[in-house]
Structures are given as structure tokens and as C-alpha cells.
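Structure, rendered in C-alpha cells:
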């Protein structure tokens with residue numbers, strides 16, 4: 018079977034990750050390249066798991082754009098002990114497009130991970146808005162001539178226990194450089210660079226988005242994404258169009 022085009026895998030992986038984080042706003046979305054860079058993963062996890070002093074087994078959903086989607090979780094046994102298990106939840110990316118109900122997979126993920134689905138959608142935070150903005154932009158540019166993607170400024174190309182920060186993209190965005198020095202650190206790996214995501218076109222960063230909800234441009238300007246969202250009656254697509262208008266054809 019022919020492999021699904023990268024643009025579809027990138028956009029769909031971000032939809033999965035951002036929708037789960039929207040339902041569980043305490044979670045983080047992390048770009049990871051375990052196995053020395055063999056895999057291209059968006060991981061969704063509780064933010065405590067992404068801290069250097071975390072010493073437990075890490076519960077996380079691993080969305081590998083080059084392979085399978087896996088759940089990793091701790092299982093508590095009747096004798097008081099615990100074990101760690103993982104399971105392939107999606108074997109092939111083509112399976113995702115064989116259903117008319119994309120939320121079916123979200124339910125599968127949450128059920129396996131034992132992440133309780135909320136009774137109603139939580140209030141949108143700046144972090145959630147940033148992730149949803151990325152997802153919506155990738156879907157909006159799905160059929161562009163160029164390949165659009167989103168990459169974190171902190172390149173994690175190692176195993177969980179061995180990390181060396183490799184900042185990317187920020188040097189081309191003056192306002193982001195300023196905010197990089199004052200961003201509120203929360204104890205994550207790779208801070209402050211891990212707070213910034215680049216929307217790329219054919220691998221060249223077009224703008225940056227921080228998980229604090231700011232958008233940065235190469236000309237030095239920066240915008241508060243939540244203010245634009247409020248101005249557009251808290252509608253996502255009008256917010257995306259307002260920011261991305263220079264790139265829409």
C-alpha cells in the first residue's frame with residue numbers, strides 16, 4: 018500500500034494532538050525524535066511527564082508520523098504493584114481515512130489511556146488556542162503547492178533521558194528572541210525554546226507561535242492570539258485567516 022502523503026499525516030497528527038489537548042488542557046504537545054531520530058513523533062502527555070525530575074513511568078500518546086500511533090501507560094495491579102505497557106492503537110495511517118468519524122479515534126485513545134473524557138469542552142486557554150491554530154493552519158494549507166508543517170524550536174532528537182537543546186528558528190524572529198529571555202519557565206525539557214513552534218513552508222519558518230499564545234513575524238512584530246480570537250467572536254477559522262492572510266492564495 019502506498020504511503021499516505023506527508024501533508025496529510027502532518028495535518029491529521031496535529032488535529033489528533035490538539036483535540037486531545039483541548040479536552041485535557043493540562044496536557045502538553047511535544048515533538049520527539051526517539052531512536053536517535055528514526056521516528057517523527059508528536060507526543061501528548063501530562064506536563065509533569067515532560068520535566069527532568071519526573072521519575073515515574075511516562076503515560077503518553079505517541080503519534081508517529083512515520084509509523085504507528087501508540088499508547089504508553091502505567092497499569093496498577095491488584096497486589097499494589099504496577100507495570101508499564103504499550104499498545105499500537107493505529108497500525109496504518111490509511112485506517113484513519115477509512116472512517117467518517119474522526120472522533121472515533123479520539124475515543125479509542127482516551128479509553129486506552131484512561132483519560133476521562135470531559136462532560137463539556139473546557140475553556141480555551143492560550144496554550145490550547147496556539148495548538149488549535151497550528152492544526153487549523155495546516156488543514157487550511159493542505160492543498161498548497163508547498164509543504165506546510167509545524168516544528169518545535171527545541172529539537173529533541175534523543176531518548177528521554179539524554180537531551181541537548183538545539184534551538185531552531187528563533188534567531189529570525191526579533192520579538193521572539195526578546196520573549197525567549199523572559200518566558201515563564203515551568204520546568205519543561207528544553208526551555209525556553211520548547212515554548213515556541215514554527216509554522217514552516219517547505220521547511221522554512223514563516224512565523225512562530227508560543228504556547229503562551231503569541232504569534233511572531235520576521236519583521237519583528239508580534240500579536241496576542243487570544244485578542245484576535247476574542248475579536249473574531251472566539252471562532253477559530255476567522256482567527257487563522259486574520260493572521261495567515263498574507264500566506265493565503
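Numbering (my numbering), first residue to last: 18 to 266. All residues carry an ideal CB built from backbone N, CA and C; glycine is no exception.
DSSP three-state assignment for residue 262, whether helix, strand or coil: Helix.
Collapsed DSSP secondary structure at residue 243 in the structure displayed: Correct three-state label for residue 243: helix.
Cβ pair count under 8 angstroms reaching 3, the stretch 149–168 against the stretch 197–208: no
Assigned secondary structure, residue 49 (DSSP; H/G/I helix, E/B strand, else coil): strand
Residue 172 classed as buried or exposed, judged by whether at least 16 other C-beta atoms fall within 10 angstroms: buried
Environment of residue 256 [buried if 16+ CB atoms lie within 10 Å]: buried
Residue burial classification, residue 54 (beta-carbon count within 10 angstroms, cutoff 16): exposed
Where residue 116 falls, given that 16 or more other Cβ within 10 Å makes a residue buried: exposed
Reduced DSSP category for residue 213 - H, G, I as helix; E, B as strand; rest coil: strand
Whole runs of the alpha helix (DSSP H) within the stretch 65–131, excluding any shorter than 4 residues: 110–113, 120–130
DSSP three-state assignment for residue 197, whether helix, strand or coil: helix
For residue 38, the first and last residue of its enclosing alpha helix (DSSP H): 23–40
Residue of 249, 37, 234 minimising C-alpha distance to residue 192: Considering only alpha carbons, the answer is 234.
Beta-carbon contacts of residue 215 that lie in its chain and below 6 angstroms, excluding the five residues immediately before and after: 168, 186, 222, 225
Best match in 232, 217, 205 for proximity to residue 196 [C-alpha to C-alpha]: 232
Whole-angstrom C-beta distance between residue 62 and residue 81, which should lie under 8 angstroms: At roughly 14 angstroms, the Cβ-Cβ gap does not stay under 8 angstroms, so residue 81 and residue 62 are not in contact.
Nonlocal neighbours in the same chain, by C-beta distance under 8 angstroms from residue 131, ignoring five residues either side: 90
Option in 189, 244, 154, 229 with minimal Cα separation from residue 263: Of the candidates 189, 244, 154, 229, the one whose C-alpha sits nearest the C-alpha of residue 263 is 154.
Cβ-based burial, residue 48 [other Cβ within 10 Å; buried from 16]: buried
Limits of the beta strand (DSSP E) - the one that residue 153 falls within: Segment 143–157 is the alpha helix (DSSP H) holding residue 153; no beta strand (DSSP E) there.
Proximity winner among 43, 118, 85, relative to residue 106 (alpha-carbon distances): 85
Assigned secondary structure, residue 173 (DSSP; H/G/I helix, E/B strand, else coil): Coil.
Whole-angstrom distance between residue 261 and residue 57, CA atom to CA atom: 26 angstroms
Whole-angstrom distance between residue 111 and residue 21, CA atom to CA atom: In a straight line, the C-alpha of residue 21 is about 7 angstroms away from that of residue 111.
Cα-Cα separation between residue 67 and residue 266, rounded to whole angstroms: About 38 angstroms.
Beta-bridge partners of residue 231, as assigned by DSSP: 241
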